[in-house]
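Residue numbers (full-length UniProt numbering), protein chains in the order written: chain A, 1 to 305; chain B, 1 to 305; chain C, 1 to 305; chain D, 1 to 305. Written out below as structure tokens is the structure these notes cover.
Structural data, given as structure tokens:
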């Protein structure tokens, strides 16, 4: 397996040159476009890796999967569904159009920014610090990594450039979808996007999802099976922005990408996958990472369809 | 003339019962639905009136005409046009859709909220207080009324319920249309909407516009003819929200309405008109006021077409 | 006056080189981009002209003004309004979006294709030929020109390339806005777009509109004053496609353009104007014609605002 | 298994009373709202059934799965993808909006009407009859049922009421997405929608899909594995109209519904499922059928996620 992974890394890392680094935040521009790494964690907890498997980056939108799961854990699925739908949308990740034109003012799904801001707002806690701790603690357990934390530089940048997200949030507040102090909700959202990890951390988290919520290396139940299943389903229908359909056809793995270059994959009952490749395609997904996963899916017959 | 106005008031005030008071702000709900008043000021400064001609209310969106004129005065028409277009739109006054879907991110025109927030932001001044003073001073001169000021209760309410406008503003900031501190810009915008006046004040302002910027009772030039012409044009194409086309067909007078129940009218080279009738139709225009203006336009052949 | 017109033609015909000829129909590509002509007809019937004042071209969308007037004449304004609204729209002339997204399925106004197809369908007559004769006869009287007829080559091309209009028509049929045989309605619509005339013909038609429906050279009433007023109003708010707002601000004349390069102008109580300049700007309006009208409006103070 | 199916039918058939029969075609209104039937075919070809398992109905939109597969077979996936995308959309099945507003004019996916009209147009054949024969022959083989054919009454009705589809087709022709004679393409589309079958037929077709294109009862390869996989993927992301996301979360089976009341299900590597229940929910899916599948998925742990 390690040999296969190494071959695939060598074959695909050249794609990074065709992509672009995310540029809305200075810190993201420091990445190396040819970096490419992958880690696989199977359901026994065994790990396989190649390339930049331990390079640290911010998980960005991948955090939406975590806030979704915590929101369901804290409120139940029905309550969450009242505030955010689970339908895919043809619009981009930061679109505001459908908040206005649709009869129900709910965001389309928890994988677009508007929907993720809602799930973040639904995490329960007395203070923002307490809510953030929940997110971080979840990540620490799911990754078996005590060092999980926030990249302060990225967080500050997110906060400074977050006007589009402010627009989404105030719009939803005016429609009664969002309650409470908007700047506090957004602050938590910007922090969760700034959580740092590596492809290894993502692969471990993916393995927990693939294993129906049970941590492979400890046997501990981290999250309910039903919540895992919902998360994996929404990852397939909505996880790769408006390229989700194409990704499902070509690769067929529940996955979520982030503009930091990470991709979280969870093959039900088989394995977790973590990928890092910071150069993005025009949809905002890791360009080399997607090529790498396409080969991997073909080699190991990973498609769930 | 006074007799005609009195007859038209008596005939049309019953329409108020078919309308609704604006309800997003508690203060607006205190109005009396059957109130109806009209004032006409001709180009000699002579005044005719009937009904609730001196009742005080907040001018709300009518202030958009003033901030448009001051923005052009301070920046020139071309500069303003770079930030806000002058095309009518089929969307509602607080729509955000077109900010996203159109190639140019400019708001459609200065009579919808997004566009008016832009013109307000373009008024020059060292402090917010200085900018507000410009607006108030303009109104004082145009109305020959030293008592023009802000309704503090309404202003505070606007500020509290202004999340939709915050969404519009942050969205435009994220697109580079709006610059500076958003809460400060919105604060000025909320204040200008809370300026108080009567149908008489509006009629006098209308007379200045009808008279190409020259104050009829003093001969003083308050604003350039060209700017007046632009304002009157945009009032026709965009002044009555998404009922502007119907209003132009039926009545044919440059006009601007506000949810406080006021309508400002300016018949080029003939007269200014001020109307007050707080009950609104579903488009947000004074329901009795529009009926009243329809009769008046027919009686006096006021349509410019 | 003729001297002024000649000067303005000379000054502005160079703009034709910056525009593009309409290309969707081969016949339209045969035009000469530097051609520019203007005719003015005053309310005594006196004519002034310069440039290509008698060159023949197809009137295209200018025919929408005629089918609107005939539809109102045959059905009354209220009946027409039930099928087509009179609101300006920010969308382009052949947009289908708003037919779907708005609560009422009526086209926005009679100057966009969807709306004009509706008004054409509302002209009464036993056969298509009879309806066409009504259109042609109206034009003959309004232009004092017995030679008005159809350009068969253009008509055949319109029919061949009319799939977007077919889409609009079938969509409206599925919504109950349009009734009857779609291909027959469209055939009439394509024929009316292929009516030929010159800048002189347009100027005479404009003079009738400016004169409230009375033919200046004969004193005959061709169309009711009220219908003329409606037509002129809608020309201002919607006549120049999605550049109507800018045109109103800069020029301020009720006008309607066609992709054949014609512009029909009607200055209430003053004059009719006909312009021909086949090179178009990106909105589909005669590029040199608009510059010419801008100068003319400034010189003669023609703006109605 | 038969016992389980019988219990689930009894439990869920009451939901039919909460739904509505499709009403745009008279023939569809003759159905019985409480009818509910299910058939399961496993990968050995063994069949289990309960309720109205052999009642005949028109498959309607389920035929979109077949025309998609034949289009790919005849043209290759890349060629099809150039004409129709594979992304889910938040818009309804007969929406025209995105054909206009998106940069690429391709329909969003082959499960909405616009996209299915495209795939139907891509089936190769010298005549319409030859193309129809391909569709019917495919169905005959996939269902082991020589009686598969067209319901002429439904076909005629589809043709008569198909103006919305005509609008979509002409729109796509004007954009170069669709080529050839529109009425002929639509005629074939209306015929394919009028193909008749039973829940048993759908279950057998589903079993072929679940078995990667190999007919379980004969071992014959009917369609390439890769094409089956694409079909199942698109069924998950787009198969249940704009309720696809919710269906995936709650049930997690590749499925496609039709307004005739049928649902085709294909659980990869496990079984085909056919459901019949003509009463529809507001999204156009069989209301009792969905409840039935929810129970079945829970009982047999069928979700692929």
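Backbone N, C-alpha and C define an ideal beta-carbon position, used for all residues, glycine too.
Any chain C beta carbon closer than 8 Å to residue i
i                      : result
residue 298 of chain B : no
residue 110 of chain B : no
residue 263 of chain B : no
residue 220 of chain B : no
residue 287 of chain B : no
Spatially closest choice to residue i from the options, by CA coordinates
i                      : options                    : result
residue 111 of chain B : B:86, B:216, B:122, B:126  : B:86
residue 259 of chain A : A:113, A:71, A:163         : A:113
residue 171 of chain A : B:175, B:20, B:166         : B:166
residue 157 of chain B : B:10, B:263, B:24          : B:24
residue 272 of chain A : A:47, A:135, A:278         : A:47
residue 17 of chain D  : D:173, D:287, D:244        : D:287
residue 121 of chain C : C:69, C:44, C:7, C:261     : C:69
residue 314 of chain D : D:295, D:230, D:237        : This structure cannot speak to residue 314 of chain D, because chain D is shown only from 1 to 305.
residue 180 of chain A : A:127, A:106, A:147, A:105 : A:127
residue 177 of chain B : B:250, B:205, B:108, B:242 : B:108
residue 252 of chain A : A:216, A:141, A:295        : A:295
residue 242 of chain D : D:282, D:254, D:293, D:130 : D:282
residue 280 of chain A : A:115, A:83, A:32, A:301   : A:32
CB contact below 8 Å: residue i versus chain D
i                      : result
residue 71 of chain C  : no
residue 96 of chain C  : yes
residue 199 of chain C : no
residue 259 of chain A : no
residue 268 of chain A : yes
8 Å CB neighbourhood of residue i in its chain, flanking five on each side removed
i                      : result
residue 224 of chain A : 73, 213
residue 186 of chain A : 117, 159, 162, 165, 166, 169
residue 293 of chain C : 251, 253, 255, 263, 265, 273, 275
Own chain, CB closer than 6 Å to residue i, minus 5 neighbours either side, in chain order
i                      : result
residue 201 of chain D : 143, 145
residue 256 of chain D : 62, 65, 235, 239, 264
residue 53 of chain D  : 37, 39, 199, 200
residue 60 of chain B  : 193, 258, 259, 260
residue 217 of chain D : 45
residue 41 of chain B  : 47, 203, 204, 207, 272
residue 9 of chain D   : 36, 50, 51
is_contact[residue i, chain A] using C-beta, thresh 8 Å
i                      : result
residue 114 of chain B : no
residue 53 of chain D  : no
residue 148 of chain D : no
residue 38 of chain D  : no
Beta-carbon contacts of residue i that lie in its chain and below 7 Å, excluding the five residues immediately before and after
i                      : result
residue 291 of chain C : 12, 15
residue 191 of chain A : 132, 150, 155
residue 29 of chain B  : 21, 23
residue 34 of chain B  : 13, 16, 17
C-beta neighbour in chain B for residue i, strict 8 Å
i                     : result
residue 48 of chain C : no
residue 56 of chain C : no
Integer-rounded CB distance, given that residue j should sit under 8 Å from residue i
i                      : j                      : result
residue 57 of chain B  : residue 268 of chain B : That pair is no contact at about 26 Å.
residue 199 of chain C : residue 275 of chain C : 6 Å
residue 71 of chain A  : residue 2 of chain A   : 37 Å between Cβ atoms; not a contact.
residue 247 of chain B : residue 232 of chain C : Going by Cβ atoms, the distance from residue 247 of chain B to residue 232 of chain C rounds to 15 Å, so no, they are not a contact pair.
residue 138 of chain C : residue 284 of chain C : With a Cβ gap of about 24 Å, residue 138 of chain C and residue 284 of chain C do not count as contacting.
Anything in the stretch 171-194 of chain B with a Cβ closer than 7 Å to a Cβ of chain A? List those residues in chain order, please.
-> 171, 173, 174
Quick one: which residues of the stretch 223-256 of chain D get their C-beta closer than 8 Å to a C-beta of chain A? List them in chain order.
-> 229, 230, 232, 233, 234, 236, 237, 238, 242, 243, 244, 245, 246, 248, 249, 252, 254
Relative to chain D, which residues along the stretch 152-171 of chain C have a C-beta separation below 7 Å, given in chain order?
-> 163, 164, 166, 167, 170, 171
Where the stretch 127-140 of chain D meets chain A: residues whose CB sits under 8 Å from a CB there | none
Residues in the stretch 77-88 of chain A having any Cβ partner in chain D nearer than 9 Å | 77, 81, 85, 86, 87, 88
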